[in-house]
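Trainee: Numbering-wise (full-length UniProt numbering), the sequence shown opens with residue 1 and increments by one. I am attaching a structure below and will ask some questions about it afterwards.
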Amino acid sequence: MPQQELFNNIYQTHYDKVHRLCKGYFNGHEGMAADATQEIFLKVWQHLDGFRGEAKLSTWLYRIAVNTCLLQLRKPATTKEIKTEQLPDVVAEEYNPVTDERLKKMYGCIQQLDETGKMIILMVLEGVEYSAIAEVVGSTEETLRVRIHRIKKQLSTCVQL
1 MPQQELFNNI YQTHYDKVHR LCKGYFNGHE GMAADATQEI FLKVWQHLDG
51 FRGEAKLSTW LYRIAVNTCL LQLRKPATTK EIKTEQLPDV VAEEYNPVTD
101 ERLKKMYGCI QQLDETGKMI ILMVLEGVEY SAIAEVVGST EETLRVRIHR
151 IKKQLSTCVQ L
């Protein structure tokens, strides 16, 4: 398969998941998530010929995504963001303020996790297979399952506060 076709396939298959993963890292901030997603797929395009196939393509992609998001978070802000009233990215036909507050609270709780915990729970929420997550974080599936249980317990406690 030509590289252009392979990239298009990767982009179409994984864009939404990568974008949601980025939104999780950036506390739901759409602009930052979109910028990071664009940078991730640029890196995928630039390094696609270097993919050795030692891991699944999705594992390689998620590793790039996580590393890119973490680098973006560590960068000093070069421009000041003007705070305005935040509006939801998509206006639902029926706005539910209770659901919106729960989502904001959950994003806030996820932000309090350590980097690995944040990476794990965001990938779990995206439905990434445990085997792929374990490979990305460098642990066994059994260890991962224990960590996921602890993270969920921690998030549950945080959300209820």
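Just so it is clear, CB atoms sit at the ideal spot from N, CA and C, and this is done for glycine as well.
1. Distance check for Ser156 and Leu42, CA to CA, integer angstroms please.
2. With DSSP collapsed to three states, give me the class of Met123.
3. At a cut of 8 Å, does the stretch 1-18 reach the stretch 99-106 through at least three beta carbon pairs?
4. Terminal residues of the continuous alpha helix (DSSP H) containing Asn9?
5. Alpha carbon to alpha carbon, how far is Val137 from Leu161? Give it in angstroms, no decimals.
6. Taking the continuous alpha helix (DSSP H) assigned at Ser139, which residues delimit it?
7. Determine the direct distance from the alpha carbon of Ser58 to that of Gly127, and round the result to whole angstroms.
8. Relative to the C-alpha of Thr37, which candidate in Asn67, Leu125 and Cys22 has its C-alpha closest?
9. If we call anything under 8 Å between Cβ atoms a contact, is Leu122 one with Ala134?
10. Which residues in the same chain as Gly117 place their Cβ atom closer than 6 Å to its Cβ, once the five residues preceding and following it in sequence are excluded?
11. Cα separation between Leu61 and Val44?
12. Could you spell out where the alpha helix (DSSP H) holding Gln112 opens and where it closes?
Mentor: From the atom records:
1. 36 Å
2. helix
3. no
4. Gln3 to Tyr25
5. 29 Å
6. Careful: Ser139 lies outside any alpha helix (DSSP H) and carries neither H nor E.
7. 12 Å
8. Cys22
9. no
10. Ile151
11. 7 Å
12. Element bounds for Gln112: n/a, residue is neither H nor E.
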